[in-house]
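The listed protein sequences derive, respectively, from chains A and B.
Just add 301 to wherever you are in the first sequence, counting from 1, and you've got this note's numbering.
Just add 301 to wherever you are in the second sequence, counting from 1, and you've got this note's numbering.
Just so you know, even glycine gets a beta-carbon here, dropped at the ideal spot from N, CA and C.
Protein chains: 2
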Amino acid sequence: MTKPPVTSEPRAGGTLSRRERVREATLAEIKEIARRHLVEFGVVGVSLRAIAREMGMTAPGLYRYVPGIDALLVSITADMYEELADVVAAADADVPAADTDGRILASLRAFRTWAITHQAEFSVMFGPRTRLDPEADISRALEAGRRFGSTFFTLFDHLVSEERFPVPPDEAVPDALRPELRSFADTVGFTSPDISEGAVMVLTACWVRLYGVVCMEVFQHLSFVVRDMEPFFESELQNMAKDLGVRYAPPGRQ
Amino acid sequence: MTKPPVTSEPRAGGTLSRRERVREATLAEIKEIARRHLVEFGVVGVSLRAIAREMGMTAPGLYRYVPGIDALLVSITADMYEELADVVAAADADVPAADTDGRILASLRAFRTWAITHQAEFSVMFGPRTRLDPEADISRALEAGRRFGSTFFTLFDHLVSEERFPVPPDEAVPDALRPELRSFADTVGFTSPDISEGAVMVLTACWVRLYGVVCMEVFQHLSFVVRDMEPFFESELQNMAKDLGVRYAPPGRQ
DNA sequence: CACTGTTTGCTAACGGTGTTCACTTAAGCG
DNA sequence: CGCTTAAGTGAACACCGTTAGCAAACAGTG
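And the structure:
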């Protein structure tokens, strides 16, 4: 008995047989309900038994489609990374290609908007790995994460080649940081492979700020003292824009 | 039948009766084991039955000491905030009082060190509230959180009064941000109540950066691409120091 | 058509969880 | 010493993930 993968491969011909189609549909239903339960009850509220109950079947039956609850969570997490990557890429594509500044602001705002409108999803994606076991195969999520980042990396690359901001010389990069920056740039697959370490340092510093402010907002660590976090995000965006030589514009109506 | 509080109050005389002492000891044991299980198995691995088993009693017996698993988690979370506040305050106190720069660096490094050496604790404290129900009484944690912040606020106040860095004029503060900054400063209880909004804006920007970099490290969102996050933290610390007019010094041995 | 092998879903079961209730035991107090 | 009250137990209920064995439906072939 072979363990079923979470996503099944199409057969040789490229077309799916009837059996494969209904199988795919059932799997999609499982993931749809799991996602809904995640949003409604949080990550601890996702259970195979409850999913099966809602589908009108029993929990052991789900094991024909999913190897277990952990793998299911990993799988929908990968879906969510792909969705986020799509949303950010779409926001980027909505702005005229020549308007680098507008594209950067739009992409980052799309990231925040998605985060605060999908708090449960964001928490499992960017929060601590409380339930996703470390041995799980997260390659699909990693790939989508890479795609998510690539939108920003491409835009950042434009800024560097347009010399929008003074790139710190390599001497200004702390020695201990250099190999880490190099490793980061390589793994992440920069558009221009000869990007300087100083530039990558600036990029990560910007990312840390935005990640930090979005995390604070989604995790609600200032919710009892601050009603609306958007001004903080916009302020951070403005700071980042200044450092990067990007023309800041307040969020358009639309 | 009155629900037992998680921490019992000492009686009028100030001394604890024998009964109250053993009660306190049992409660302490419960929390000690819960904490250990949290570290060992993560937040999902904390269970009343397992705690009771280790204590040689049964789960319902614990309900004499704790109203339920949620309240227990909230309670040890408050303990952890108090511990963190102590650690940071101790690091601050270890540096000569006149050396504001050194105290700032020491306090922030103590925060990061505690975070990475207490990842499970940090995750429940600063990560998404996945298991702490929103209706719980978190006043003790909030109070400790306030104390945790006050170390930094006091030091920041020194910087402001010493005019170490150019405080942005009020016109430079986005209108939308002003009431939020005001609310933040009031709730948090600044040492000097007439601190300007521009100064608070700078402070929160710094905090967001450090919070972000520590979260990334603890939540391991770059672990597959970066081995050691310390250089990133130190780099961010250096950036912050520059913006705040603080003399940066690399982490001393000791 | 009948036959065969596979896929699908079920029931039953094991061990784990939080929580409530009724009950017994034991400790402390007057 | 007797009485009050607190501490702890066992049984029960409703959940959870997971495995094993079995029956029915299905797809394809002789």
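Cβ of residue i within 7 Å of any chain B Cβ
i: R510 (chain A); result: yes
i: T452 (chain A); result: no
i: T378 (chain A); result: no
i: S408 (chain A); result: no
i: F457 (chain A); result: no
i: G429 (chain A); result: It is worth fixing the name first, because residue 429 (chain A) is Pro in this sequence and not Gly. Yes, because at least one Cβ of chain B sits closer than 7 Å to the Cβ of P429 (chain A).
i: T285 (chain A); result: The structure shown does not extend to residue 285 (chain A), since chain A spans only 302 to 555, so no value can be given for it.
i: S424 (chain A); result: yes
i: S536 (chain A); result: yes
i: C507 (chain A); result: no
i: G513 (chain A); result: yes
i: A500 (chain A); result: no
i: P532 (chain A); result: yes
i: V323 (chain A); result: no
i: L478 (chain A); result: yes
i: V527 (chain A); result: yes
i: R548 (chain A); result: no
Environment of residue i [buried if 16+ CB atoms lie within 10 Å]
i: L545 (chain A); result: buried
i: T359 (chain B); result: exposed
i: Y364 (chain B); result: exposed
i: V527 (chain A); result: buried
i: A500 (chain B); result: buried
i: F342 (chain B); result: exposed
i: S462 (chain B); result: exposed
i: A326 (chain B); result: exposed
i: E436 (chain A); result: exposed
i: K418 (chain A); result: For clarity, residue 418 (chain A) is Thr in the given sequence; the question names Lys instead. Counting Cβ neighbours within 10 Å, T418 (chain A) comes out exposed, since fewer than 16 surround it.
i: D434 (chain A); result: exposed
i: F525 (chain B); result: exposed
i: K332 (chain A); result: buried
i: P429 (chain A); result: buried
i: E535 (chain B); result: buried
i: S493 (chain B); result: exposed
i: S309 (chain A); result: Low confidence applies to S309 (chain A): its pLDDT is 44, below 50, so where it sits in the model is not reliable, and the reading given next is rough at best. The residue is exposed, with fewer than 16 neighbouring Cβ atoms inside 10 Å.
i: V347 (chain A); result: buried
i: R510 (chain B); result: buried
i: S424 (chain A); result: buried
Terminal residues of the alpha helix (DSSP H) in which residue i lies
i: S408 (chain A); result: T401 to T418
i: S451 (chain A); result: S440 to S462
i: A506 (chain A); result: E498 to V519
i: E531 (chain B); result: E531 to L545
Assigned secondary structure, residue i (DSSP; H/G/I helix, E/B strand, else coil)
i: S424 (chain A); result: helix
i: D380 (chain B); result: helix
i: T488 (chain B); result: helix
i: P480 (chain A); result: helix
i: A550 (chain A); result: coil
i: D495 (chain B); result: coil
i: E436 (chain A); result: coil
Interface flag, residue i vs chain A, CB-CB below 7 Å
i: T401 (chain B); result: no
i: E481 (chain B); result: yes
i: A442 (chain B); result: no
i: R432 (chain B); result: yes
i: F449 (chain B); result: no
i: G343 (chain B); result: yes
i: P475 (chain B); result: yes
i: L339 (chain B); result: no
i: F485 (chain B); result: yes
i: L468 (chain B); result: Sequence check: residue 468 (chain B) is Val here, not Leu. No, because no Cβ of chain A sits closer than 7 Å to the Cβ of V468 (chain B).
i: F412 (chain B); result: no
i: F491 (chain B); result: no
Residue i Cβ short of 6 Å to the ligand MN heavy atom set
i: V388 (chain B); result: No copy of the ligand MN appears in this structure; indeed no ligand is present at all.
For the stretch 315-403 of chain B, which segments carrying the alpha helix (DSSP H) assignment without a break, of at least 4 residues, lie completely within its bounds, in sequence order? 319-342, 349-356, 360-363 and 370-395
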